[in-house]
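Working notes for the structure below.
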Amino acid sequence: MKSPPSLKKYLIRLGGSAVVLGIMFWILPLDAIGAAFSRVSIGLFVSVLSAFLILHVFAALKWWFILDRRIPPVQAIRAHFAGLAAGLCLPGAISGDAVRGGMAYGAMRDGPAVVAAGAADRLIDFLALLILSLLGAA
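Each residue of the sequence shown is one higher than the last, beginning at 733 in the numbering used here.
Listed below in structure tokens is the structure:
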């Protein structure tokens with residue numbers, strides 16, 4: 733059983749996050765962001781954020797099922813959200829998949845299964861978008 737992360741590791745992560753947020757708020761026009769947020773009701777904001785998070789949990793669980801549930805579901809959800817964050821920061825369209833796969837590989841040690849699950853997940857998403865597009869065009 734793994735021991736909980738040390739306080740030092742937690743503080744390093746917290747400090748890094750604070751630095752990134754500080755740089756982001758220093759660069760972005762805060763008045764424009766505040767004006768945009770003031771036009772959105774709190775109910776709408778909470779609803780959209782909740783739907784975003786819940787649907788991404790379902791997407792992570794879909795990938796977990798494709799992996800044949802060989803890692804704990806919480807780890808699959810963490811890997812999925814780490815992949816989302818990596819997709820915002822790293823170059824390339826599949827950088828998030830690489831991070832997600834790397835986290836799964838660390839637990840499974842089965843590279844072909846991780847790659848196949850990632851490819852199958854992408855294929856399922858592609859087919860779903862294709863069907864929606866065809867229905868919209870009809």
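Where a beta carbon is used, it is the ideal one built from N, C-alpha and C, also for glycine.
Open item on the list: Measuring alpha carbon to alpha carbon, tell me which residue in L864, R745, W795 is nearest F713.
Closed with: Since the first and last residues shown for the chain are 733 and 870, residue 713 lies out of range.
Task: M756 versus A870 - alpha carbon distance - done: Distance between the alpha carbons of M756 and A870: 43 angstroms.
Task: Between the CA atoms of L862 and V847 - distance to the nearest angstrom - done: Each residue's alpha carbon lies about 22 angstroms from the other.
TODO: If I'm right that G815 touches V789 with Cβ under 8 angstroms, what's the distance once you round it to whole angstroms?
DONE: Going by Cβ atoms, the distance from G815 to V789 rounds to 13 angstroms, so no, they are not a contact pair.
- [ ] Identify which residue in A852, R801, I856, A808 has its Cα closest to the Cα of G834.
- [x] Ranking A852, R801, I856, A808 by Cα distance to G834 puts A808 first.
- [ ] Take L746 and list the residues in its own chain whose beta-carbon comes closer than 8 angstroms to its own, dropping the five residues that flank it on each side.
- [x] So no residue of the chain qualifies.
- [ ] State the DSSP-derived secondary structure class of G748, mapped to helix, strand or coil.
- [x] The answer is helix: DSSP assigns G748 an H, G or I state.
Open item on the list: Considering just the uninterrupted stretch of the alpha helix (DSSP H) at D857, what are its terminal residues?
Closed with: D857 -> alpha helix (DSSP H) spans 843-869.
Open item on the list: Please state the DSSP three-state secondary structure of R810.
Closed with: Here DSSP, grouped into helix, strand and coil, assigns R810 to helix.
TODO: Could you round the C-beta distance between G828 and A818 to whole angstroms and report it? I think they count as a contact, below 8 angstroms.
DONE: That belief holds up - the Cβ atoms of G828 and A818 are roughly 5 angstroms apart, short of 8 angstroms.
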